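Please read the structure below before turning to the comments.
Residue numbers (our numbering): 98 to 234.
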């Protein structure tokens, strides 16, 4: 699935590129883009359960995302898709307890998600920051 999204064929990449080109995204834009990504992933023989779970999680996060002034809505959707792919590259134990992620595990996750290790590290740092904020409230 990951090679399909980020690989040379890049059909899903083209969908994400179209989304990032827009200044303002509506819920319908997100739904349309995720529908295309869903279709491309199913065409690539990714299991229906994985695709449906992936699309639903990205949709929930995209609808609930707070618009940042420095980042366009399209870029936010791309980030959500990339973060979800990295999460799917983790084992259930790694998702439950990210503190067990050693360097080799981070490399495996990055390779599975088709992203650099630095992006996995950034995602884990953001997770820790959010965890601290939730403890305060």
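C-beta atoms are modelled at their ideal positions from N, C-alpha and C, and glycine is treated no differently. Since the model is a prediction, treat every value here as computed from it, not as a measurement.
Decide if residue i is buried, meaning its Cβ has at least 16 other Cβ atoms within 10 Å, or exposed.
| i | result |
| --- | --- |
| residue 197 | exposed |
| residue 147 | exposed |
| residue 150 | exposed |
| residue 132 | exposed |
| residue 173 | buried |
| residue 231 | exposed |
| residue 130 | buried |
| residue 224 | exposed |
Assign residue i to one of three DSSP states: helix, strand, or coil.
| i | result |
| --- | --- |
| residue 227 | helix |
| residue 213 | coil |
| residue 198 | coil |
| residue 129 | helix |
| residue 143 | coil |
| residue 163 | In this predicted model, residue 163 has a pLDDT of only 49, less than 50, meaning its place in the structure is not dependable; the value taken from the coordinates is given anyway. Three-state DSSP puts residue 163 in coil, outside helix and strand. |
Since I believe residue j is in contact with residue i (beta carbons under 8 Å), could you give me their beta-carbon distance rounded to a whole number of angstroms?
| i | j | result |
| --- | --- | --- |
| residue 158 | residue 177 | 5 Å |
| residue 86 | residue 127 | What is shown of the chain runs 98 to 234, which leaves residue 86 out entirely. |
Quiz item: Is the stretch 182-196 touching the stretch 205-215, taking contact as three or more C-beta pairs under 8 Å?
Solution: yes
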